[in-house]
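**Student:** Residue numbers for the first sequence follow the numbering used here, beginning at 289 and rising by one. Sharing a structure below in structure tokens format, with a few things to ask.
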Amino acid sequence: MTDHAFRAPKGTRDIMWPDSARWRALVELFADVAGSAGYLEVVPPMFEHVEVFQRLGEATDVVRKEMYAFEDKGGRTIALRPEQTASVVRGFAEHRPALPYKAWYAGPNFRYERAQKGRFRQFDQVGVEVLGPHDPHLDAEVITLAWRFYERLGLRQVRLLVNSLGSAEDRARYVEALRAHFEANLDALSEESRATLATNPLRVLDSKRDADAELVADAPRMLDHLSDDAAAHFAAVTAALDAVDVPYTVAPRLVRGLDYYVRTTFEFAAEALDAAQNAVGGGGRYDGLAAEMGAPETPGVGFALGVDRTLLACDAEGVFAPPTAAVDVFVVDATGGDEAVVLADRIRAAGLRADRAWDGRSMKAQMKAADRSAAAVAVIVGEDEKASGTVTVRDLRGDGGQETVDRDQLTDILRARLR
RNA sequence: GUGGCCGUAGCUCAGUCCGGUUAGAGCACCUGGUUGUGGUCCAGGAUGUCGGGGGUUCGAAUCCCCUCGGUCACCCCA
């Protein structure tokens, strides 16, 4: 056990191979899915002026207690980003790219909270944001992209929950209806939920406490408080999802933790994860956010998917396996190691992955290392081969057959064997 | 931020309740059996601040306190 100062800080960890390879593969797959729909990558800074994130809502936990905020040496109040939507929208307001602005991103976010499985202080997300269109078909496209991404990972047990919070006015009216409902039954509400009610009535609906179950079930439904316009928007979203065969569940009590959401909201739950952290992704519309950042009134919609949790879901479903081999060829040099210097370089130059052993170990030890490397073939060089300008190529995965070939033929032989 | 459980070799864990010779096992690792050949087998070997600090005691992995970390639930979310 290492001294505590030399361990990764609480809530962080090292992504070691093969997890790191799988991590990269996931991001590459996401880039491919987003790219297939014309989204372009954006890489926002990992920290911003704290005001950027205060737009997430002063009553949200993300802002109230989870922000990694500090003063820099220039006296600025800076915060590590707790999510990327606010940064992407800030970048939009700052640069005013042509509309529609369709962006995807991947990278770490930071929230100061108590870590547990699937919840870290530094956690990665991939996501998309689109600024410009108000079109409900765009909401559906965004949701569909996330759905197809999960499909391509191989996930089959993801449930899509959708809801509408209505327009900003609808939402405000609904919050008052909720407040009235809970206040009329205050003594039936848990103590914790009473505190939540005071700051953010919507999130009382999120309570998982048994004491609140009945009152929450009886609460007024958002979908009954939608204006005609918002109801039509939501109907168009679900119709488009039907049209592309993306299955969903309407969840009238789906609340999301950030205050900027209006109209469409959605969440992806991995049913293979029975932990409390089974939300693997979520998003929605944020039509007012760009204007708050100084841009003209510009509607927006997007989602973020948690990389860690998505991979946990993949584990639970036994899909998206990590790679097994880091190299194709392992060079075994029984002459002291000089031969391997040249052979490994030549094999790599031919586009194959090659590793070797060090410190002049015995041939047996080198063969063990070759086996463990998961390489498919070993290239062996001893005094005989050195003298005759040949190498021995040995199969490591099948029957162990080997042949001694001229060095000039080596890369051709290797390519043929590895095909 | 609140509460429960946990922390012994690289990994998985036994030993902790009822304190007592040099702290163990399996796997992994190294060397040899096979002076040029891995994956099976056999023999041998190396490896521990018993998470950290303090206390109780003749004596602490074992009991007590604090602390760090993990984990589960709440909160919240990815």
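Positions of the beta carbon are idealized from the N, C-alpha and C atoms, including for glycine.
Near Ala613, what residues of its chain come up, given a Cβ to Cβ distance below 6 Å and the 5 sequence neighbours on each side ignored?
**Tutor:** Ala662
**Student:** Where does Val315 sit, in a helix, a strand or coil, going by DSSP?
**Tutor:** helix
**Student:** Which first and last residues belong to the beta strand (DSSP E) in which Ser452 is found?
**Tutor:** 446–452
**Student:** If I measure Cβ to Cβ from Arg695 and keep anything under 7 Å in the same chain, skipping five residues before and after, which residues do I get?
**Tutor:** Gly677, Thr678, Val679
**Student:** Near Ala638, which residues of its chain fall below 7 Å by C-beta distance, leaving aside the five closest residues on each side in sequence?
**Tutor:** Thr699
**Student:** Given Ile701, which residues of its chain have a CB within under 6 Å of its CB, disregarding the five upstream and five downstream residues?
**Tutor:** Exclusion of the five residues before and after Ile701 leaves Val681, Val693 as the residues of its chain whose Cβ lies within less than 6 Å of its Cβ.
**Student:** Given that a residue counts as buried once 16 or more other Cβ atoms are within 10 Å of its Cβ, and exposed if not, what is Leu490?
**Tutor:** buried
**Student:** Between the Cα of Arg257 and the Cα atoms of Phe358, Phe408, Pro333, Ala293, which residue gives the shortest distance?
**Tutor:** No answer is possible for residue 257: the residues shown for the chain start at 289 and end at 707.
**Student:** For Val376 and Glu417, which I take to be in contact (beta-carbon distance under 8 Å), what is that distance rounded to the nearest angstrom?
**Tutor:** 5 Å
**Student:** Can you tell me whether DSSP reads Leu724 as helix, strand or coil?
**Tutor:** Here the chain covers residues 289 to 707 and nothing more, so residue 724 does not appear.
**Student:** Using 7 Å as the threshold, is the C-beta distance between Val665 and Arg707 below it?
**Tutor:** no
**Student:** From what residue to what residue does the alpha helix (DSSP H) around Lys496 run?
**Tutor:** Run containing Lys496: none; DSSP gives neither H nor E here.
**Student:** What does Gly571 pair with, by DSSP beta-bridge criteria?
**Tutor:** Phe554, Phe591
**Student:** On the premise that Trp435 lies in contact with Val534, defined as a C-beta separation below 8 Å, what is that separation, rounded to the nearest angstrom?
**Tutor:** 5 Å
**Student:** Report the residue ranges of all alpha helix (DSSP H) runs contained in full by the stretch 454–531; include only those spanning at least 4 residues, in chain order.
**Tutor:** 456–472, 479–487, 498–505, 516–531
**Student:** Would you mind sorting Gly406 into buried or exposed? The rule is 16 or more other CB atoms within 10 Å of its CB.
**Tutor:** Its Cβ being crowded by 16 or more others within 10 Å, Gly406 is buried.
**Student:** Straight-line CA distance for His422 to Ile303?
**Tutor:** 39 Å
**Student:** Would you list the one or two residues that DSSP bridges to Gly415?
**Tutor:** Tyr393, Ala592
**Student:** Note down, in chain order, each residue of its chain lying with its Cβ closer than 6 Å to the Cβ of Ser481, except the 5 sequence neighbours on either side.
**Tutor:** Val492, Ser495, Asp500
**Student:** Of all the options Arg440, Val338, Met651, which has the alpha carbon lying nearest to the alpha carbon of Phe318?
**Tutor:** Arg440
**Student:** Looking at C-alpha atoms only, which residue of Ala653, Asp307, Ala557, Ser324 is the closest neighbour of Val450?
**Tutor:** Ala557
**Student:** Sort out for me which residues DSSP pairs Glu359 with in a bridge.
**Tutor:** Thr365
**Student:** Between the C-alpha atoms of His513 and Asp458, what's the straight-line distance to the nearest angstrom?
**Tutor:** Approximately 6 Å between the Cα atoms of the pair.
**Student:** Answer yes if the stretch 668–675 comes into contact with the stretch 620–629, meaning at least three C-beta pairs across the two stretches below 8 Å, and no otherwise.
**Tutor:** yes
**Student:** Grab the span of the beta strand (DSSP E) containing Phe618 for me, first residue to last.
**Tutor:** In the DSSP assignment, Phe618 falls within the beta strand (DSSP E) that extends over 617–621.
**Student:** I'd like the list of long-range same chain contacts for Phe335, defined as Cβ closer than 8 Å, with 5 residues on each side in sequence excluded.
**Tutor:** Ile366, Ala367, Leu368, Arg369
**Student:** Classify Glu627 as buried or exposed, calling it buried when 16 or more other Cβ atoms lie within 10 Å of its own Cβ.
**Tutor:** buried
**Student:** First and last residue of the alpha helix (DSSP H) that includes Ile303?
**Tutor:** Per DSSP, Ile303 belongs to no alpha helix (DSSP H) and is neither H nor E.
**Student:** What residues match up with Gln690 in a beta bridge as DSSP calls it?
**Tutor:** According to DSSP, Gln690 bridges with Arg682.
**Student:** Kindly identify the DSSP beta-bridge partner or partners of Asp643.
**Tutor:** Answer by DSSP bridge pairing, in chain order: Phe618.
**Student:** Is it a yes or a no for the stretch 424–431 touching the stretch 333–347, going by three-plus beta-carbon pairs under 8 Å?
**Tutor:** Touching, no.
**Student:** Does the beta-carbon of Tyr389 have 16 or more other beta-carbons within 10 angstroms, so that it is buried, or is it exposed?
**Tutor:** Flag for Tyr389 reads buried.
**Student:** Rounded to a whole number of angstroms, what is the C-alpha to C-alpha distance between Arg402 and Gln410?
**Tutor:** 11 Å
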